[in-house]
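A.B. asks: Top to bottom, those sequences are chains P and U. Here the first sequence is numbered in this note's numbering, starting from 2 and rising by one per residue. Here the second sequence is numbered in this note's numbering, starting from 67 and rising by one per residue. Where a beta carbon is used, it is the ideal one built from N, C-alpha and C, also for glycine.
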Amino acid sequence: GQNIDQPTEMTATEGAIVQINCTYQTSGFNGLFWYQQHAGEAPTFLSYNVLDGLEEKGRFSSFLSRSKGYSYLLLKELQMKDSASYLCAVRGHKFSGGYNKLIFGAGTRLAVHP
Amino acid sequence: DVKVTQSSRYLVKRTGEKVFLECVQDMDHENMFWYRQDPGLGLRLIYFSYDVKMKEKGDIPEGYSVSREKKERFSLILESASTNQTSMYLCASSTVGSSGTQETQYFGPGTRLLVL
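1) Kindly list, in the order they appear in chain P, the residues whose Cβ is closer than 9 angstroms to that of L142(U).
2) Closest Cβ-Cβ distance between Q171(U) and chain P: below 8 angstroms?
3) Taking only heavy atoms of the ligand HEM into account, decide whether any of them is closer than 7 angstroms to the Cβ of Y36(P).
4) Return the first residue and the last residue of the beta strand (DSSP E) that H114(P) is part of.
5) With distances taken from CA atoms, which of L179(U), V181(U), L182(U) and E169(U) is nearest N50(P)?
6) Could you check which residue in V181(U), L182(U) and T177(U) has the C-alpha nearest to that of S74(U)?
7) By the criterion of Cβ-Cβ separation under 7 angstroms, what are the contact partners of P175(U) in chain P?
8) Please list, in chain order, the residues of the segment 106 to 120 of chain U that have any C-beta partner in chain P closer than 8 angstroms.
9) What are the complete beta strand (DSSP E) segments, minimum 3 residues, inside the segment 23 to 68 of chain P?
10) Find the residues of chain U that neighbour F105(P), judging by a C-beta separation of less than 7 angstroms, and give them in chain order.
11) Nearest to E42(P) by alpha carbon, out of K137(U), A158(U) and L180(U)?
12) Below 8 angstroms on the Cβ atoms is my guess for N22(P) versus Q37(P); work out the distance and round it to an integer in Å.
13) How do the segment 84 to 91 of chain P and the segment 12 to 28 of chain P stand: do at least 3 beta-carbon pairs fall below 8 angstroms, yes or no?
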């Protein structure tokens, strides 16, 4: 089967660091995406990992271990505006049209408090 | 910037009605997608299109159909709306490329559909 697990909710304090974990079991792997989604808005792309290791992008970093089926999103110097849901998505097997299907986790709702 | 627009932000329909949700993207993307998003379930793929007039079923196509007559436009049709189709519907588009980030999906703002 195909499964992506992330914690449902997390809370953190403004200025702190938070790590959101994602574990996956999918048929095929061609990369992992993280998206941010504010309440009532569209998901927006944050990061992409296809090789093992850490990708850093400003205050946000994403890590991947393919052998462990594991990724995390690290948010530093948290701001109130970081309160949102964070979606982990894995590119799995191909459709017949050649496109790799994207499988989403249910998302982690992060609340940042003053 | 990629722009994906959806015809309505909120929609209220009655059981049995035919419902059309429209999505337009302005970046000449080959791929377009329809998802529904429900609490605790995440985004689930309904249908996918990789070219004009081409479509593929996603994970939950039952009760839905799609139409792609022009490259920029992808429509989702609920032939006979039912209460279990009350949900947030998200459209997305992506280009085709050899590297992963070229296939990043860009989402529209969503349509919150309530079927009474």
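C.D. replies: Inspection of the coordinates gives the following:
1) Position 76 of the second sequence, counted from the first residue, corresponds to residue 142(U). The premise fails here: L142(U) is roughly 16 angstroms from chain P at the closest Cβ pair, so nothing lies under 9 angstroms.
2) Looking up residue 171(U) in the second sequence gives position 105. Cβ-Cβ to chain P under 8 angstroms: yes for Q171(U).
3) Ligands in the displayed structure: none, and consequently the ligand HEM is not present.
4) By 1-based counting over the first sequence, the position of residue 114(P) is 113. Note, H114(P): beta strand (DSSP E), T109 to H114.
5) Position 49 of the first sequence, counted from the start, is the residue given in the question as residue 50(P). Nearest C-alpha to N50(P): E169(U).
6) Residue mapping note: residue 74(U) aligns to position 8 of the second sequence, counting from 1. When only C-alpha atoms are compared, the closest one is T177(U).
7) Counting from 1 along the second sequence, the entry for residue 175(U) is found at position 109. Simply E42 and A43.
8) G106, L107, G108, L109, R110, L111, F114, Y116, D117 and M120
9) 33 to 38, 45 to 50, 54 to 58 and 61 to 66
10) Counting from 1 along the first sequence, the entry for residue 105(P) is found at position 104. Correct list: G108 and L109.
11) As a working note, residue 42(P) is residue 41 in the first sequence. The residue with the shortest Cα to Cα distance from E42(P) is A158(U).
12) Position 21 of the first sequence, counted from the start, is the residue given in the question as residue 22(P). Position 36 of the first sequence, counted from the start, is the residue given in the question as residue 37(P). With a Cβ gap of about 16 angstroms, N22(P) and Q37(P) do not count as contacting.
13) In this structure the segment 84 to 91 of chain P lies against the segment 12 to 28 of chain P, because at least three pairs of beta carbons, one per stretch, are closer than 8 angstroms.
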